[in-house]
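Chemist:
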Amino acid sequence: MELTIECQKRASDAKPNAMRRSGQIPAVLYGHKGTESLELAIPAKAAELLVKNASVNNTLVQVNVTDAAWSGKALLREVQTHPWRGSLYHISFFAVAGHGDLQVTVPLHFVGDAIGVKQGGGALDTVLNELAVQCAPDQIPDSIDVDISGLNLGDALHVHELSLPPGVTAVGEGDRVVATVLASTTARDAEADAAGATGA
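Quick note on numbering: our numbering labels position 42 of the sequence shown as 76, and the sequence is numbered without any gaps.
1. Residue range of the beta strand (DSSP E) that P77 falls in?
2. So the alpha helix (DSSP H) R54 belongs to, where does it begin and stop?
3. Could you give the DSSP three-state label for I39: helix, strand or coil?
4. Using the Cβ count rule (16 or more neighbours within 10 Å means buried), how would you classify G134?
5. Out of L165, A190 and G188, state which residue places its alpha-carbon closest to the alpha-carbon of V202.
6. Per DSSP, what are the beta-bridge partners of E207 in this structure?
7. How far does the beta strand (DSSP E) with V140 in it extend, from its first residue to its last?
8. How big is the Cα-Cα spacing for H66 and I149?
9. Pair every Cβ in the segment 159-174 with every Cβ in the segment 72-84, then say whether three or more of these pairs are closer than 8 Å.
10. Note down, in chain order, each residue of its chain lying with its Cβ closer than 8 Å to the Cβ of G206, except the 5 sequence neighbours on either side.
11. Looking at the unbroken beta strand (DSSP E) that takes in I250, where does it start and where does it end?
12. To the nearest angstrom, report how far apart G156 and T214 are at their CA atoms.
13. Strictly by DSSP, which residues pair up with K86?
14. Are V212 and L198 touching if we call contact CB-CB under 8 Å?
15. What do you get for V145, buried or exposed, if any count of 16 or more other CB atoms within 10 angstroms of its CB means buried?
16. For Q173, name the three-state secondary structure that DSSP assigns.
Right, dumping it as structure tokens:
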């Protein structure tokens, strides 16, 4: 997913709270010029729409700084909200040009019906709902499909068994469990009762 946001340089004497009261959200752009950062101001309505449609550490945004002659693609890195009001407080971007592959977090989308659930009466336990991956900025997937249809009772699907898009590699240990099919509570209770009766 790629979105566009228009913003301006933040005045050096601008106070964040005063900006918010006037309908502006403070933001910062990192990575556009070495270790320098660029302080920004975004219209609140545009910022709220962006946050509604974007995912942190997953969505590329075309950032146009109208009064600084800078524009480019950036990753939405952080969204801060007010501790109890829940209102938007601050946004951080990371410019991706010239930085090579990025590490991003991608949601997992489980597809299919596990055999162990349909026929064995088990319950699907999704251990991971998102996955850290490394890829080029233009190859960031919106999500990764995980086919669970072949899982039987007691089976587990691991990270190294996932089918990832071309150019995308998982970050971290490949033997992490993504999903497993557990015997249902009712089935486990029945087995325990049977074992107890046999033991008696």
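Positions of the beta carbon are idealized from the N, C-alpha and C atoms, including for glycine. What you are looking at is a predicted structure, and each value in this text was computed from that prediction instead of being measured.
Modeler: So, from the data block:
1. E70 to P77 is the extent of the beta strand (DSSP E) around P77.
2. P50 to R55
3. DSSP places I39 in strand when its eight states are reduced to three.
4. exposed
5. L165
6. The partner list for E207 (beta bridge, DSSP) is empty, contrary to what the question assumes.
7. L136 to V145
8. 49 Å
9. no
10. Within the same chain, Cβ atoms closer than 8 Å to the Cβ of G206 are found at A166 and V193, the five residues on either side in sequence being excluded.
11. Within the shown structure, residues of the chain are numbered from 35 to 234, placing residue 250 beyond reach of any answer.
12. Their backbone Cα atoms lie some 10 Å apart in a straight line.
13. Answer is none; K86 lacks a bridge partner.
14. no
15. exposed
16. Taken through DSSP and simplified to helix, strand or coil, Q173 comes out as helix.
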